[in-house]
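J.:
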Amino acid sequence: MDEAKVPAATGTPTGTGNAHPSLDQRYAAAVQLVVHAENTSGMRIYNFLMGASITMLAWATVFAGAQDGNCWRTGTLALMSVAGLLLSIAWMPFGWRGRRFVDAYLDVARELEGGADPAPVSRGNEITFSLPLKIFRARYLAVAVPLVFAGVFATLLVVSLRQ
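When we follow the working numbering, the leftmost residue of the sequence shown carries the number 2, and every step to the right adds one.
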């Protein structure tokens, strides 16, 4: 079986006989990439919230159920706090990276829209949001939510060590 060679300059396989995709096909693919990146970003936040919630619930269960002054209790609480803190710190770059993919795919879709009318991706920039909606957009939440949880877990670590 003969593999097609891809020239570096064009990215188009040679010797396959395939035509270039039309502008409409490229635009549809770009929009699908935007949707996929948005879904992936949302799932990352969901997965983080699930892990952080379980860790926090475990911390609260041990905190409420064990005797004060027990060294195993203090160690377990501190360990869960550190685990939650590390989870939060590790997840911040994931959120930032995911949002960068969304922005990159949006740029590709806007470029492919050109001056077309209607241009739904480009027109998304024209929407004005109130201040609370500007602050709580997915772009910021993907990094801010793990940051807030990092602060919560740091506080829980302090509480754990003062037992």
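Ideal Cβ placement from N, Cα and C applies to all residues, glycine included.
From a predicted model like this one, the values you see are computed outputs, not experimental measurements.
Does the beta-carbon of alanine 10 have 16 or more other beta-carbons within 10 angstroms, so that it is buried, or is it exposed?
T.: Against the sequence shown, residue 10 aligns to sequence position 9. Its pLDDT being 46, under 50, alanine 10 is placed unreliably by the model, and nothing is read from it.
J.: Drop a sphere of 10 angstroms on the beta-carbon of glutamate 114, count the other beta-carbons inside from all chains shown, and report buried for 16 or more, exposed for fewer.
T.: By 1-based counting over the sequence shown, the position of residue 114 is 113. With 16 or more other Cβ atoms within 10 Å, it is buried.
J.: Between the beta-carbon of alanine 151 and the beta-carbon of serine 82, is there less than 8 Å?
T.: As a first step, residue 151 must be located in the sequence shown, where it is residue number 150. As a first step, residue 82 must be located in the sequence shown, where it is residue number 81. Contact flag unset, no.
J.: Measure the Cβ-Cβ separation of leucine 158 and leucine 86 and say whether it is below 8 Å.
T.: Translated into positions along the sequence shown, residue 158 becomes position 157. Translated into positions along the sequence shown, residue 86 becomes position 85. Yes, they are a contact pair.
J.: How should tyrosine 47 be labelled, buried or exposed, when 16 other C-beta atoms within 10 angstroms of its C-beta is the threshold for buried?
T.: Within the sequence shown, residue 47 is the residue found at index 46, counting from 1. When all chains shown are included, tyrosine 47 counts as exposed.
J.: Have a look at glycine 76 and serine 54 and give me their C-alpha separation to the nearest angstrom.
T.: Locating residue 76 in the sequence shown gives position 75, counting from the first residue. Locating residue 54 in the sequence shown gives position 53, counting from the first residue. Rounded to whole angstroms, glycine 76 to serine 54 spans 20 Å at the Cα level.
J.: Taking C-alpha atoms, which residue in Gly99, Ala91 and Asp108 lies nearest to glycine 52?
T.: Mapped onto the sequence shown, residue 52 falls at position 51. The residue with the shortest Cα to Cα distance from glycine 52 is Ala91.
J.: Hey, quick one: how far does the alpha helix (DSSP H) through glycine 85 stretch, first residue to last?
T.: Position 84 of the sequence shown holds residue 85. Taken as a continuous stretch (DSSP letters only), the alpha helix (DSSP H) holding glycine 85 covers 72–114.
J.: So glycine 99 and threonine 41 are supposed to be a Cβ contact under 8 Å. How far apart are they, rounded?
T.: Position 98 of the sequence shown, counted from the first residue, corresponds to residue 99. Position 40 of the sequence shown, counted from the first residue, corresponds to residue 41. Correct: roughly 6 Å between the Cβ atoms.
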